[in-house]
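S.K.: Handing you this structure, nothing more for now.
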Amino acid sequence: MSNSELRLAALSKLVDIKSEAVDQRLSDEFNRIEASLQQSSDYDELAGSLKVLAVLVPRFHMVTLPLLQAFVRSVPNRTLTQDGSPISGSRIRYRSAESLTREAIEVAEKVRYLHTEQVVDFLLEMSQVADKETNAKAARALESLATFDLDVFYGDSPLGAEPQARMVAHLDALRNDALMTNANVILRVLAIVLSPTMEGTSWSYQSVTIRRGSIASYGGVADMRLAAICLTQRIFGLDTSVEHRKQALLTLNSATRREGPVDHAETSAMFERDAIMVLEFMLSLVGTETLPLVQKIEHLAYWDYYHGASQAIKNKALEIRGAIAEHAEYQVYKQLIGFEGIFGDWEELKRSEQAWDYSDNKRRAAARQYLSEINEASYTMWRDRILEFSKTRSNDLAMFPVYYDFLESIGKERSDLAMELLIDHEEVMAPFLIALMSGLWASTTPNHLEAVVKRWIEAGKHLTSIAKSLYKAGVPRLEVLTEVAGRAAALDDKRAMTQVMGVAASLYAEGEMGAKSIFMHTLRELVKRDDASWASEIWFSRDFKALLSTMEQSERAEVLASLTALPELDYQAEDILYEIGKHDLQALIDFLIGRLKHARMLAKRKRETNDSSQDRFEAIPFQLTKLDELLAQAPAALLTAIRVDFDLEDRYMFSYRGARTVKSVFPEFTTTLEEPILKYVKTSNDDDIEFVIGILRVYEGSPAILDVCKEIIKAVPEHSRTWNEIAAAIESTGVVSGEYGMVEAYNSKLQQVSCWMSDENEQVRSFSRWLTEGLQSLIEKESQRADRSLELRKYQYGSDPKED
Numbered sequence: 085m086s087n088s089e090l091r092l093a094a095l096s097k098l099v100d101i102k103s104e105a106v107d108q109r110l111s112d113e114f115n116r117i118e119a120s121l122q123q124s125s126d127y128d129e130l131a132g133s134l135k136v137l138a139v140l141v142p143r144f145h146m147v148t149l150p151l152l153q154a155f156v157r158s159v160p161n162r163t164l165t166q167d168g169s170p171i172s173g174s175r176i177r178y179r180s181a182e183s184l185t186r187e188a189i190e191v192a193e194k195v196r197y198l199h200t201e202q203v204v205d206f207l208l209e210m211s212q213v214a215d216k217e218t219n220a221k222a223a224r225a226l227e228s229l230a231t232f233d234l235d236v237f238y239g240d241s242p243l244g245a246e247p248q249a250r251m252v253a254h255l256d257a258l259r260n261d262a263l264m265t266n267a268n269v270i271l272r273v274l275a276i277v278l279s280p281t282m283e284g285t286s287w288s289y290q291s292v293t294i295r296r297g298s299i300a301s302y303g304g305v306a307d308m309r310l311a312a313i314c315l316t317q318r319i320f321g322l323d324t325s326v327e328h329r330k331q332a333l334l335t336l337n338s339a340t341r342r343e344g345p346v347d348h349a350e351t352s353a354m355f356e357r358d359a360i361m362v363l364e365f366m367l368s369l370v371g372t373e374t375l376p377l378v379q380k381i382e383h384l385a386y387w388d389y390y391h392g393a394s395q396a397i398k399n400k401a402l403e404i405r406g407a408i409a410e411h412a413e414y415q416v417y418k419q420l421i422g423f424e425g426i427f428g429d430w431e432e433l434k435r436s437e438q439a440w441d442y443s444d445n446k447r448r449a450a451a452r453q454y455l456s457e458i459n460e461a462s463y464t465m466w467r468d469r470i471l472e473f474s475k476t477r478s479n480d481l482a483m484f485p486v487y488y489d490f491l492e493s494i495g496k497e498r499s500d501l502a503m504e505l506l507i508d509h510e511e512v513m514a515p516f517l518i519a520l521m522s523g524l525w526a527s528t529t530p531n532h533l534e535a536v537v538k539r540w541i542e543a544g545k546h547l548t549s550i551a552k553s554l555y556k557a558g559v560p561r562l563e564v565l566t567e568v569a570g571r572a573a574a575l576d577d578k579r580a581m582t583q584v585m586g587v588a589a590s591l592y593a594e595g596e597m598g599a600k601s602i603f604m605h606t607l608r609e610l611v612k613r614d615d616a617s618w619a620s621e622i623w624f625s626r627d628f629k630a631l632l633s634t635m636e637q638s639e640r641a642e643v644l645a646s647l648t649a650l651p652e653l654d655y656q657a658e659d660i661l662y663e664i665g666k667h668d669l670q671a672l673i674d675f676l677i678g679r680l681k682h683a684r685m686l687a688k689r690k691r692e693t694n695d696s697s698q699d700r701f702e703a704i705p706f707q708l709t710k711l712d713e714l715l716a717q718a719p720a721a722l723l724t725a726i727r728v729d730f731d732l733e734d735r736y737m738f739s740y741r742g743a744r745t746v747k748s749v750f751p752e753f754t755t756t757l758e759e760p761i762l763k764y765v766k767t768s769n770d771d772d773i774e775f776v777i778g779i780l781r782v783y784e785g786s787p788a789i790l791d792v793c794k795e796i797i798k799a800v801p802e803h804s805r806t807w808n809e810i811a812a813a814i815e816s817t818g819v820v821s822g823e824y825g826m827v828e829a830y831n832s833k834l835q836q837v838s839c840w841m842s843d844e845n846e847q848v849r850s851f852s853r854w855l856t857e858g859l860q861s862l863i864e865k866e867s868q869r870a871d872r873s874l875e876l877r878k879y880q881y882g883s884d885p886k887e888d
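To get this note's numbering, take the position in the sequence shown, counting from 1, and add 84.
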C-alpha cells in the first residue's frame with residue numbers, strides 16, 4: 085500500500101471518530117484542501133486534494149458542492165504544472181483541467197442523496213461543457229442518481245423514491261429555457277425514473293453480486309412517476325422538431341412497461357394508470373402531429389397493445405389504431421415511407437408471426453397505383469404531398485426503398501413533376517435527388533436534366549448525388565461523370581470523388597471501358613490528398629473486384645499505394661488487399677512493409693514537431709480476418725521482407741510493428757513458421773538472432789517457441805545479453821487470472837523447461853539452471869505481492885462472511 089493510500093485510509097477512519105482533537109485535525113486538513121483547490125495549479129496536488137476531499141465529504145458535505153463548483157469553473161483558466169513546469173505535449177491529454185473536472189464529478193456524487201437538488205444543478209452544468217468525456221460522465225452521474233437502488237430504497241435507512249422525487253420536482257421547477265438547454269439529458273433521466281426495475285449491487289473482496297427487482301407503488305413511487313410523466317409532456321411541447329418530440333415520446337413510453345407479472349394490486353393499478361395516461365396523450369396527438377410522429381405513435385401503440393397487461397390498456401391502444409385508420413393522409417405516407425408503420429390486423433399480428441408478411445411488393449404495388457393517379461387535376465396535390473413526405477429524415481436513407489422507387493418512377497414517367505421538384509424545391513428534395521435524377525436519366529427527355537446538372541457541377545453543388553445518379557446510366561453519361569470528377573477534385577470534395585470511383589467501377593463492369601480511366605484518375609487525385617477513405621465505401625462492390633481483376637500490375641500497385649495512408653486495415657481494406665494478393669502476393673507483402681515504414685515516418689514527424697494531435701495510425705492489426713490465409717502460404721517471403729525492414733527499424737519498436745505482423749499472420753507458433761525462422765538462427769549472426777528473438781517475444785511464452793529458444797542458446801555464448809532476451813521470451817505470460825495467476829504461470833514455466841536440466845548440450849543445461857533460479861525468485865516475489873494485494877482488497881471491500 086502506497087503512502088497516499090495509507091494516508092487516505094487513516095483519514096477515512098478518523099472521519100467516523102467524534103472528538104475535539106479529531107475535529108481539529110480534519111478541519112485543518114479540509115482548510116488545506118480548500119486552499120489547494122482555490123489557488124494551486126500543480127496537477128498532482130489538485131488530483132490528490134480531490135481524493136482527500138472525497139474521504140472528508142461526510143464531515144464537510146455542506147460546503148463540498150460550493151467548493152467543487154468554484155473549482156471546476158476556475159481550473160480551466162489555470163496553467164497546470166507538474167514538478168514546477170507547465171504541462172504540455174502528450175501529457176496534457178491525461179493531466180488536464182478536464183480530467184480534474186471529471187474527478188470532481190466523482191466527489192460530487194458522494195453527496196447526491198444529501199443535497200440532491202444542488203448535485204443535479206452541478207451535473208447539469210457539467211453535462212453542457214465542451215469536453216465530450218466530461219459531459220458524458222456528468223450525464224452518467226445524473227442517470228445513476230435517477231436509478232432505483234435496492235439498498236437505498238429498502239436499506240437500513242430506507243429512502244424509497246425520495247431521491248428520484250426530489251430530482252423530478254427540482255427539474256420541474258426549472259424554467260422552460262433551462263429545460264430545453266438540457267432536454268436530451270433530462271429526457272434520459274426521466275426515462276430511467278419511469279423504468280419498472282430497480283437493481284442493487286454488493287461487493288466483497290472477491291466477488292460482486294447484482295440483484296434485480298420490480299418497482300413498487302409505495303415509498304412515493306406512484307406520485308413521483310405521475311410527476312415525471314407530466315414533466316415529460318411539458319418538455320414535449322417546448323420544441324416542435326420531430327427528433328425532440330420522438331425522444332419525448334420514447335421517454336413517455338418507458339412508463340407503459342412493467343417488469344413481468346405484478347401481484348401487488350396497488351402497483352398493478354399504478355402501472356395501468358401510467359400506461360393509459362401515456363396512451364391518451366398519444367391519442368390526442370394523432371390528428372395534429374406531423375406524419376413521422378404519427379408513424380412513431382402507431383409503432384409505440386402497437387407494442388403497448390402487444391404487451392398490454394390489462395384489457396383497459398389494450399383498449400386504449402386500439403383507440404389509437406382507430407384514430408390512425410381514419411387519418412387518410414397518413415395511410416398514403418405509410419405505404420410510401422412507412423419503415424416503422426404497422427401493416428396488418430393487430431390482433432392477428434399478435435397471434436401469429438406469419439401475419440407480419442406484408443412485403444415491400446405490396447407497398448410497391450400501392451406506389452404504382454399512386455403514380456397512375458397523378459394527372460393534371462391531382463398534380464398540385466401530389467407535388468405538395470411529395471414535398472411534405474420528403475421532409476422525413478433518417479440516419480439511413482436505405483429505410484426508404486419504396487419511396488425511392490416511387491420518386492425514380494416519377495422521374496422516368498412524370499418528368500415535368502420531377503423537374504419542378506428538382507429546380508423549384510431543391511433544398512427540400514436534397515436527400516432524394518438521386519432517385520429523381522436516376523429516373524430522369526432514363527426518361528424520354530434526359531437533356532432537360534443534363535442542363536440542370538451542368539449548372540450544378542459548375543456551382544459545385546450536389547456532386548455526390550449527381551455521381552450516384554449515374555449508376556447504370558451507360559456511355560452517354562461518362563462525360564458527365566468526368567466533369568463531376570474534375571469539379572470534385574478542384575473543390576477538394578473527397579466524398580464526391582469516392583462516389584465517382586464507385587460509379588466508374590460499376591460502369592466498367594457493364595462494359596464501359598472508358599470508365600476505368602475515370603476510376604484511376606480519381607484515385608490519383610485522392611492519393612495526392614493522402615486520403616484512402618474510398619476503400620471503406622466501395623470495398624464490397626463486385627464491380628470493383630471485377631475491375632481489380634483486369635488491372636495491369638502497375639495499376640494494382642497504384643491502388644495498393646493509395647491504401648498506405650489508411651489509419652488502420654479494417655476488414656473492408658483487407659477485402660481489397662485480398663483481391664490484389666490473389667494476383668500478386670509479393671506486392672501485398674511489399675505493401676505491408678510500406679505501412680511499417682509509413683508508421684516510422686509518422687513517429688519521427690511527431691517527435692520532431694512535438695505534435696500530440698496527430699491521428700492514430702495502426703500499421704498492422706493485431707488480428708487479420710482474411711489476409712492471413714494468403715500470407716501464410718509464403719512464410720519465407722514474409723520473413724525475408726520483415727528481416728530487411730528490421731535493419732531500418734527502431735529496435736524497441738520491432739515488437740509493435742514487424743513482429744506483430746508475423747503474429748497477425750501466424751497467431752500460433754507452428755512448424756510452418758519454425759522452419760524458416762531456424763534458418764536465421766543457424767547463421768549465428770547477432771542481428772539475425774536478435775530478429776528471431778523479437779518475433780519469439782510476441783508469442784507470450786508459448787511452449788511452442790521452446791525448441792527455437794534452445795537452438796539460440798546453443799548458438800550464443802553463455803551468460804551473454806542474449807540469455808536475458810531468451811529468458812524474457814520464455815517468462816512472458818500473456819493474460820493471467822486470479823490473485824496468484826502469475827505464480828501459477830511461472831510454476832508452469834518451470835515445468836516446461838525442467839527437461840532441459842538433463843539435455844545433452846552443456847549450454848542448455850547451464851541456461852536451465854540459471855533460468856530456474858530466476859523463476860523461483862520471481863515466484864517468491866509474486867506470491868508476496870499477491871498476499872499483500874489480497875489483504876488490501878479484504879480491507880477495502882470486506883471478507884466473505886463464510887470465511888469468518
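Cβ atoms here follow ideal geometry from the backbone N, Cα and C, with glycine treated the same way. Treat the numbers as computed from the prediction; the structure is a model and nothing was measured.
Is the beta carbon of Ser-867 less than 7 Å from the beta carbon of Val-827?
M.R.: In contact: Ser-867 and Val-827 (Cβ atoms closer than 7 Å).
S.K.: Hey, Met-308 and Gly-297: beta-carbon distance below 7 Å or not?
M.R.: Result no, Cβ atoms of Met-308 and Gly-297 do not sit closer than 7 Å.
S.K.: With a threshold of 6 Å on Cβ separation, who are the neighbours of Leu-159 within its own chain once the five nearest residues in sequence on each side are excluded?
M.R.: The sequence given here has Val at residue 159, not Leu. So the list reads Ala-181 and Leu-184, once near-sequence residues are dropped.
S.K.: What first and last residue would you give for the alpha helix (DSSP H) that runs through Glu-403?
M.R.: Here the alpha helix (DSSP H) through Glu-403 covers 395-409.
S.K.: Ser-103 to Thr-817, Cα distance in whole Å?
M.R.: The straight-line gap from Cα to Cα measures roughly 51 Å.
S.K.: For Glu-373, does the three-state DSSP call read helix, strand or coil?
M.R.: Of the three classes helix, strand and coil, the one that applies to Glu-373 here is coil, per DSSP.
S.K.: Could you tell me which whole alpha helix (DSSP H) segments of length 4 or greater appear in the stretch 849-878?
M.R.: Within the stretch 849-878, no complete alpha helix (DSSP H) run reaches 4 residues.
S.K.: Tell me whether Val-378 is buried or exposed, calling it buried when 16 or more other Cβ atoms sit within 10 Å of its Cβ.
M.R.: Looking at its Cβ environment, which holds 16 or more other Cβ atoms inside 10 Å, Val-378 is buried.
S.K.: For His-145, count neighbouring Cβ atoms within 10 angstroms of its own Cβ and tell me buried if that reaches 16, exposed if not.
M.R.: Burial call: exposed.
S.K.: Can you grab the Cα-Cα spacing for the pair Asn-266 / Leu-208, in whole Å?
M.R.: Approximately 7 Å, taken between the alpha carbons.
S.K.: With respect to the alpha helix (DSSP H) encompassing Tyr-488, which residues constitute its N-terminal and C-terminal limits?
M.R.: 485-497 is the span of the alpha helix (DSSP H), which, as asked, contains Tyr-488.
S.K.: Less than 8 Å between the CB atoms is what I'm expecting for Phe-628 and Ala-589, so what's the real figure, rounded?
M.R.: With 8 Å as the limit, Phe-628 and Ala-589 qualify as a contact, their Cβ atoms being about 4 Å apart.
S.K.: Within the chosen definition, does the stretch 560-569 reach the stretch 533-551 through at least 3 CB pairs nearer than 8 Å?
M.R.: In short, these stretches touch, since the Cβ pair count reaches three.
S.K.: If you compare alpha carbons, which of Asp-770, Asn-831 and Glu-823 is closest to Arg-877?
M.R.: Checked all of Asp-770, Asn-831 and Glu-823; the closest Cα to Arg-877 is Glu-823.
S.K.: Please identify the residue among Gly-598, Ala-519 and Ser-786 whose C-alpha is closest to the C-alpha of Ser-832.
M.R.: Residue Ser-786 is the option with its Cα nearest to Ser-832.
S.K.: Which value, in whole angstroms, describes the spacing of the CA atoms of Ser-586 and Arg-405?
M.R.: It is worth fixing the name first, because residue 586 is Gly in this sequence and not Ser. Roughly 44 Å separates the two Cα atoms.
S.K.: Under the three-state reduction of DSSP, which class applies to Ile-426: helix, strand or coil?
M.R.: Reduced to three states, the DSSP call for Ile-426 is coil.
S.K.: Taking contact to mean 3 or more Cβ pairs, one atom from each stretch, closer than 8 Å, check whether the stretch 752-771 and the stretch 733-742 are in contact.
M.R.: Verdict: no, contact absent.
S.K.: Please state whether the Cβ-Cβ distance between Leu-607 and Ala-599 is less than 7 Å.
M.R.: No; because the gap between Cβ atoms is not below 7 Å, this pair is not in contact.
S.K.: Buried or exposed, going by whether 16 or more other CB atoms sit within 10 Å of the CB of Ser-456?
M.R.: Per the 10 Å Cβ criterion, exposed.
S.K.: Are there 16 or more other CB atoms within 10 angstroms of the CB of Thr-372, so buried, or fewer, so exposed?
M.R.: Classification for Thr-372: exposed.
S.K.: Measuring CB atoms only, is the stretch 663-670 touching the stretch 632-639, in the sense that at least three cross pairs come out at less than 8 Å?
M.R.: Yes: the two stretches touch, three or more of their Cβ pairs being nearer than 8 Å.
S.K.: Cα separation between Ala-721 and Tyr-764?
M.R.: Rounded to the nearest angstrom, the two C-alpha atoms are 13 Å apart.
S.K.: Shorter than 6 Å, the distance from the beta carbon of Gln-395 to the closest heavy atom of the ligand ATP, or not?
M.R.: Although the ligand ATP was asked about, the structure shown includes no ligands whatsoever.
S.K.: Just how far apart, CA to CA, sit Asp-888 and Leu-859?
M.R.: For Asp-888, the predicted structure reports a pLDDT of 48, less than 50, and the residue's modelled location is therefore unreliable. A value from the coordinates is still provided. Distance between the alpha carbons of Asp-888 and Leu-859 is about 34 Å.
S.K.: From Gln-415 to Ala-409, what does the alpha carbon distance come to, in whole angstroms?
M.R.: Taking the straight line joining both Cα atoms gives about 7 Å.
S.K.: In the DSSP assignment, what are the bridge partners of Asp-233?
M.R.: Answer by DSSP bridge pairing, in chain order: Glu-283.
S.K.: Using only alpha-carbon positions, find the residue among Glu-356, Gln-419, Ser-352 and Leu-363 that is nearest to Leu-375.
M.R.: Comparing Cα positions, the closest option is Gln-419.
S.K.: DSSP has Ile-294 in a bridge; who is on the other side?
M.R.: Beta-bridge pairing links Ile-294 to Thr-285.
S.K.: Report buried or exposed for Gly-595, applying the criterion of at least 16 other Cβ atoms within 10 angstroms of its Cβ.
M.R.: Gly-595 comes out exposed.
S.K.: Are the stretch 329-345 and the stretch 269-285 in contact at 8 Å, needing three or more beta carbon pairs?
M.R.: At 8 Å Cβ cutoff, the stretches touch.
S.K.: Restricting to Cα atoms, I'd like to know which of Val-749, Ala-188, Arg-357 and Ile-176 is closest to Leu-130.
M.R.: Minimum Cα distance to Leu-130 is reached at Ala-188.
S.K.: Report yes if the C-beta distance between Ile-673 and Ala-619 is below 7 Å; otherwise report no.
M.R.: Cβ distance not < 7 Å, so Ile-673 and Ala-619 don't count as in contact.
S.K.: Our contact map puts Leu-95 next to Glu-113 with C-beta atoms below 8 Å; I'd like the distance itself, whole angstroms only.
M.R.: Confirmed, Cβ separation roughly 7 Å.
S.K.: I'd like the list of long-range same chain contacts for Glu-802, defined as Cβ closer than 7 Å, with 5 residues on each side in sequence excluded.
M.R.: Around Glu-802: Gln-847 and Ser-850.
S.K.: Do the stretch 343-354 and the stretch 312-320 touch if we need at least three Cβ pairs shorter than 8 Å?
M.R.: No: the two stretches stay apart, fewer than three of their Cβ pairs being nearer than 8 Å.
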